[in-house]
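Down below is the structure, laid out as C-alpha cells.
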Amino acid sequence: MSFRDRTVIANTIISELKNAFWEKDEVKIYHSILHIPYGYETHIPGEAQEALKGIYTKTSKHIRFTPDYIILQKGKDKIFLLEYKVTRTPRYQLGNKQWDYGQMEADAWENYINLTEAGIEVAVLIYCPYHSRPLLFGQIDPSWAIRDRTQVINSIGSGTPYVNIDLKLIPTFDEFMLNHFRVPISVTERLLDSIFFQRLATNPILTIQHHPKSPYNTVQYKTGFNWLERYK
-9 MSFRDRTVIA
1 NTIISELKNA
11 FWEKDEVKIY
21 HSILHIPYGY
31 ETHIPGEAQE
41 ALKGIYTKTS
51 KHIRFTPDYI
61 ILQKGKDKIF
71 LLEYKVTRTP
81 RYQLGNKQWD
91 YGQMEADAWE
101 NYINLTEAGI
111 EVAVLIYCPY
121 HSRPLLFGQI
131 DPSWAIRDRT
141 QVINSIGSGT
151 PYVNIDLKLI
161 PTFDEFMLNH
171 FRVPISVTER
181 LLDSIFFQRL
191 ATNPILTIQH
201 HPKSPYNTVQ
211 YKTGFNWLER
221 YK
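The opening position of the sequence shown corresponds to residue -9 in our numbering, with each subsequent residue numbered one higher.
As C-alpha cells, then:
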C-alpha cells in the first residue's frame, strides 16, 4: 500500500470521527475538548514533504512522523499529541492469534517512543477492522511492541519496516476518553453507536484486507465477524 493510500484511509477515519464525535457540542463545548491539526501532513508544504522523503537523519524522521493532531481539554492540564493509524491486514500465519496483533511503521513507532521518553504525552488512535474491539485509543507504551523492527516480505503492504503491536494491551476509544477526559462511556457509546460502526464496516477502504494467500480470505471472516456486541 502506498503512502498516499494510507493517507486517504487515515483521513477517512479522521473525517468520520470529526463528524460523529470531535465536533459534537457535547464533546467540544460541554467537555471543552479541542481536536486540532498539528503535524507533518497538515502543516508541511508538499514540496518540503517530497524533499524530506530523501533525508534519513533523526531530525527528518522526527518531522515526518510527528503526530498530526493535538487533543486537549480547555481549563485542564491534559493534552496529547495524537496520531491516527489504520491496520487492515491480519498476519494469517499466526492462525487464530492474528486477530489480536497489528502493525505500525517502525520509524513512526521509534519516534513516538523517543517523544515519550522525553516526557511528551503521545496517544495513538487505531482503527483495526479485524480486531474484536475495532476502535482503540491509548497512550504510547513500549510494552505494546511484541517484535523488533521487521521488513515486510512478500506481502500486499508497502515494504516499509514495521513492528508488531499487541492490540489486547490498548484501551478502547471509550475507555481512553473516560480515563483521560472524563467523557462518560454512555456519551461515547451514544455518539459512536452501531450506525457509526456499520458505516465503517461497509466502507470498502476500511474493511479487512486479507492477504491474497490467506485461507481466511472468505466471507466467514468479513469485517465485523468477531466484533463485540457494543460495536454491532
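C-beta: ideal position from N, C-alpha, C; glycine also. Please read all numbers here as calculations on a predicted model, not as lab measurements.
Classify residue i as buried or exposed, calling it buried when 16 or more other Cβ atoms lie within 10 Å of its own Cβ.
{"i": "H121", "result": "buried"}
{"i": "D67", "result": "exposed"}
{"i": "P202", "result": "exposed"}
{"i": "Y46", "result": "exposed"}
{"i": "K75", "result": "buried"}
{"i": "I195", "result": "exposed"}
{"i": "T225", "result": "With the chain running from -9 to 222 in the structure shown, residue 225 is simply not present."}
{"i": "L218", "result": "exposed"}
{"i": "Y59", "result": "buried"}
{"i": "G128", "result": "buried"}
{"i": "P27", "result": "exposed"}
{"i": "T(-3)", "result": "exposed"}
{"i": "R228", "result": "Residue 228 lies beyond the residue range present for the chain, which begins at -9 and ends at 222; the question has no answer from this structure."}
{"i": "H170", "result": "buried"}
{"i": "T32", "result": "exposed"}
{"i": "Q93", "result": "buried"}
{"i": "L84", "result": "exposed"}
{"i": "R210", "result": "Looking at the sequence shown, residue 210 is not Arg but Gln. That one is exposed."}
If you compare alpha carbons, which of the options is closest to residue i?
{"i": "T192", "options": "R(-4), R(-6), T2", "result": "T2"}
{"i": "F186", "options": "I4, R(-6), A10", "result": "A10"}
{"i": "D(-5)", "options": "P57, N86, R78, I19", "result": "R78"}
{"i": "T106", "options": "Y117, Y91, T197, F70", "result": "F70"}
{"i": "Y152", "options": "R81, M167, T32", "result": "R81"}
{"i": "H52", "options": "I23, G85, N101", "result": "N101"}
{"i": "L24", "options": "Q199, W12, P161", "result": "W12"}
{"i": "K48", "options": "K87, P205, A98", "result": "A98"}
{"i": "R137", "options": "E95, T197, R172", "result": "E95"}
{"i": "L7", "options": "G92, I34, H33, Y117", "result": "Y117"}
{"i": "A108", "options": "Y206, I130, P35", "result": "I130"}
{"i": "R172", "options": "D15, Y20, I(-1)", "result": "Y20"}
{"i": "L125", "options": "T150, Q88, F166", "result": "F166"}
{"i": "I(-1)", "options": "S204, V177, Q199", "result": "Q199"}
{"i": "V114", "options": "L159, T150, N86", "result": "L159"}
Could you round the C-beta distance between residue i and residue j to whole angstroms and report it? I think they count as a contact, below 8 Å.
{"i": "L72", "j": "R54", "result": "Rounded, the Cβ-Cβ distance is 16 Å, inconsistent with contact."}
{"i": "D164", "j": "I175", "result": "5 Å"}
{"i": "E179", "j": "R123", "result": "Incorrect: roughly 13 Å between the Cβ atoms, too far for contact."}
{"i": "D110", "j": "W134", "result": "The sequence given here has Ile at residue 110, not Asp. That pair is no contact at about 17 Å."}
{"i": "P57", "j": "V112", "result": "6 Å"}
{"i": "T213", "j": "P132", "result": "About 30 Å separates the two Cβ atoms, so there is no contact after all."}
{"i": "S22", "j": "Q63", "result": "5 Å"}
{"i": "K14", "j": "L181", "result": "6 Å"}
Any idea which residues DSSP pairs residue i with across the strands?
{"i": "P27", "result": "Y59"}
{"i": "G128", "result": "V114"}
{"i": "A135", "result": "I155"}
Heavy atom of the ligand PLP less than 8 Å from the Cβ of residue i, yes or no?
{"i": "G85", "result": "Questions concerning the ligand PLP fall outside what the structure shown contains, since it holds no ligand whatsoever."}
(message) To test your reading of the DSSP string, which unbroken beta strand (DSSP E) runs of 3 or more residues are found completely within the region 52 to 121?
(response) 59 to 63, 69 to 76, 91 to 95, 112 to 117
(request) Note down, one range per segment and in chain order, each beta strand (DSSP E) of at least 3 residues found wholly within the region 162 to 205. (result) none
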